[in-house]
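J.: Here numbering that gives the first Met the number 0 is used: the first residue of the sequence shown is 0, the next is one more, and so on.
Quick one: the structure is below, and I'll ask about it shortly.
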Amino acid sequence: MESVLIVGAGMFGLTTAIELRRRGYSVTVLDPGPLPHPLAASNDTSRMVRMDYGDDALYVELAGKAIEGWRVWNQQSGRTLYHEDGFLMACSQPMAPGEFEHDSYQYLSKQGYDLQRMDSGRIKQQYPLWNGDRYKDGYLNPAAGWAEAANTVIWLAEEAQASGVELRLDTQVSGFIEADNRITGVITSGGYRESAELVVVAAGAWTAALLPDLAEVMQPVGQPIVYLQPVDPDLYRGPQFPPWAADIPRTGWYGFPANRDGIVKISNHGPGRPMTTEEPRDLNAAEVSRFNSFIKDTIPSLAEAPIVNSRLCLYCDTWDGNFWIGHHPNKGGLVVAAGGSGHGFKFAPVMGGLIADAIEKVDTPYAERFAWRPKGEATAEAIRYTGE
Ligand SMILES: Cc1cc2nc3c(=O)[nH]c(=O)nc-3n(C[C@H](O)[C@H](O)[C@H](O)COP(=O)(O)OP(=O)(O)OC[C@H]3O[C@@H](n4cnc5c(N)ncnc54)[C@H](O)[C@@H]3O)c2cc1C
């Protein structure tokens, strides 16, 4: 049985561990812990799950499979890890061909998905907390929702252990054992050496710190999140207040219904702040002020809710916004599975399969998109608004 060491117990690492174990490998996962790691991207209250990807057939199809997988995981786990509350794409201007919202609407409609087109009147009637004077177009996709990210990681760790994966949550990897252009194991920060036939680096935003050659093609970028506590959280629960995006390709704004603790989360998928994994994760005054004015204009009743928490969360952004899953071209025994680029979590139910296929060099439509690749022109998934 081939032995595999996986560096990182985020969503990428744990789903890979479970799938490789299922395929008969002997698997050990190393992470400094605790799980979910407090600074990991997979550690949060919520992550958007949607198949709206413009006219990008590959991601739409993959997200469709992932949504089916989330429904199965809810049953398998006996927990509501995924809330199918829909996804509201709100636009302050009419949707226009060539733009993300319009192309997503057209593409999914052609695929037979039953989307509800919005206008001011419909937004006011169906989503009265929204400023329907400002938002005039868009649509609701009912086949979407949000995932409880931290709780999913906890469940995945339990599943991994139950299937025979060894989880070592006191172990930080600091380097690799290398001979003749082949990686044969890892060195831990305590100086301990551990050998394996294959090493998979799934260290999210820390990946390029471990493998500096990758700094050219992926980098950690801090993205702001605020958590609000409305007086009556029931007003903000899905599906009457679904996960949403507001002019997202032009502003980056998106958010979620109240979670179990009555907390409403708003975030920005924008250019973010290039930073190291060590820097403080605090929002600055200008960032908080942008949130406040957006909230006042868009969901005015939330402007009265206090911000009870805020932070920067690190994307591991690749140059083209696509994941980075593949064998190192020049070093045997090393696979990288990272580059979530701010949109990886929704794919959790299919991610282990994608990564295991890449490890086994199975030819799939995804292998080429996510493989090791030279830096080139940015694709649609990497293009974000660049400030207001
Ligand atoms: C603010 C924000 C919002 C997002 N929103 C969405 C969304 O709405 N929908 C969506 O689909 N996706 C979203 N994403 C993206 C998604 O969360 C990520 O793609 C996914 O969680 C990445 O998982 P990962 O396992 O690659 O990384 P991580 O979850 O960061 O895990 C990396 C792990 O590696 C470990 N590690 C690091 N260094 C070492 C080392 N030296 N040795 C051992 N272990 C190490 C860490 O402790 C950590 O546990 C968002 C991300 C962020 C930051």
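Every residue, glycine too, gets a C-beta built ideally from N, C-alpha and C.
Could you tell me if the beta carbon of W205 falls within a distance shorter than 8 Å of some heavy atom in ligand 1?
T.: Checking the Cβ of W205 against ligand 1 gives yes.
J.: Say whether the segment 20-29 touches the segment 40-55, bearing in mind that this needs 3 or more beta-carbon pairs closer than 8 Å, one atom from each stretch.
T.: Verdict: no, contact absent.
J.: Nearest-angstrom Cα distance between Q160 and A16?
T.: Cα to Cα, Q160 sits roughly 10 Å from A16.
J.: Less than 8 Å between the CB atoms is what I'm expecting for S2 and E196, so what's the real figure, rounded?
T.: 5 Å between Cβ atoms; contact.
J.: From the DSSP output, which residues share a beta bridge with K264?
T.: DSSP output for K264 lists Y226 as bridge partner(s).
J.: Measuring alpha carbon to alpha carbon, tell me which residue in D102, Y253, V349, A357 is nearest V71.
T.: Considering only alpha carbons, the answer is V349.
J.: CA-CA distance, E100 and L4?
T.: Taking the straight line joining both Cα atoms gives about 41 Å.
J.: Between the C-alpha atoms of E387 and M274, what's the straight-line distance to the nearest angstrom?
T.: Summary for E387: the model assigns pLDDT 45, below 50, so the residue's position carries little reliability; its value from the coordinates is reported in the next sentence. Looking at the two C-alpha atoms, the distance is approximately 21 Å.
J.: In or out: S41 buried (at least 16 other Cβ within 10 Å) or exposed?
T.: Per the 10 Å Cβ criterion, buried.
J.: For the alpha helix (DSSP H) that contains A336, what are its first and last residues?
T.: No alpha helix (DSSP H) holds A336; the beta strand (DSSP E) holding it covers 333-337.
J.: At the level of alpha carbons, what is the spacing between A214 and A207?
T.: Going by the C-alpha atoms only, they are around 5 Å apart.
J.: Helix, strand or coil for S119 per DSSP?
T.: Helix at S119.
J.: Give the C-beta separation of P223 and N267 to the nearest angstrom, bearing in mind that I take them to be a contact with Cβ-Cβ under 8 Å.
T.: Yes, P223 and N267 are in contact; Cβ-Cβ is about 5 Å, under 8 Å.
J.: So what's M94 in DSSP terms, helix, strand or just coil?
T.: Correct three-state label for M94: coil.
J.: Compute every distance between the C-beta of H342 and the non-hydrogen atoms of ligand 1, then say whether any falls below 8 Å.
T.: Under cutoff, so the answer is yes.
J.: Per the contact definition of three or more C-beta pairs closer than 8 Å, is the segment 59-68 in contact with the segment 345-360?
T.: The segment 345-360 vs the segment 59-68: in contact.
J.: Please report the straight-line C-alpha distance between A39 and G271, rounded to a whole angstrom.
T.: Cα to Cα, the separation comes out at about 16 Å.
J.: Report the rounded CA-to-CA distance for Q125 versus A146, giving the unit in angstroms.
T.: Looking at the two C-alpha atoms, the distance is approximately 23 Å.
J.: Counting Cβ pairs, one atom from each stretch, are 3 or more of them under 8 Å apart for the segment 88-102 and the segment 123-139?
T.: Segments in contact, yes.
J.: Please list the segments of the beta strand (DSSP E) lying wholly inside the segment 301-375, counting only runs of 3 or more residues, in order along the chain.
T.: Complete beta strand (DSSP E) runs here, min 3: 306-317, 323-326, 333-337.
J.: Considering only the beta carbon of each residue, do W243 and G144 sit closer than 9 Å?
T.: Contact: no.
J.: Whole angstroms is fine: what's the gap from E278's alpha carbon to D118's?
T.: Those two C-alpha atoms are separated by around 43 Å.
J.: Relative to the alpha-carbon of P241, which residue among I298, V200, G189 has its alpha-carbon at the smallest distance?
T.: If we check each option's Cα against that of P241, I298 comes out closest.
J.: So for Y81, helix, strand or coil by DSSP?
T.: Strand.
J.: Would you say the beta carbon of M88 is closer than 8 Å to some non-hydrogen atom of ligand 1?
T.: Flag unset: Cβ of M88 not near ligand 1.
J.: Mapping the DSSP letters down to three states, classify T14 as helix, strand or coil.
T.: The answer is helix: DSSP assigns T14 an H, G or I state.
J.: According to DSSP, simplified to helix, strand and coil, what is E387?
T.: Per-residue confidence for E387 stands at a pLDDT of 45, beneath the threshold of 50, marking its modelled position as unreliable; no derived number is given.
J.: Sort N140, I324, A347 by Cα distance to N364 and report the nearest one.
T.: Just to set this straight, residue 364 is Pro in the shown sequence, not Asn. The option with the nearest alpha carbon to P364 is I324.
J.: Roughly how many angstroms separate the alpha carbons of G203 and G120, rounded to a whole number?
T.: If I take the Cα positions, the gap works out to 43 Å.
J.: Could you check which residue in P141, F290, N140, N150 has the C-alpha nearest to that of G251?
T.: Comparing Cα-Cα distances from G251 to each of P141, F290, N140, N150, the minimum goes to F290.
J.: Taking all protein chains shown into account, decide if P373 is buried (16 or more other Cβ within 10 angstroms of its Cβ) or exposed.
T.: Label assigned to P373: exposed.
J.: If you follow the beta strand (DSSP E) that S76 is part of, which residue opens it and which one closes it?
T.: S76 -> not in any beta strand (DSSP E); alpha helix (DSSP H) instead, spanning 56-76.
J.: Pop quiz: N140 and Y112 are said to be a contact at Cβ under 8 Å. What is the actual Cβ separation, rounded to whole angstroms?
T.: With a Cβ gap of about 7 Å, N140 and Y112 count as contacting.
J.: Which residues bound the beta strand (DSSP E) around A178?
T.: Looking at the DSSP string, the run of the beta strand (DSSP E) that includes A178 is 172-178.
J.: From A8 to G85, what does the alpha carbon distance come to, in whole angstroms?
T.: Their backbone Cα atoms lie some 29 Å apart in a straight line.
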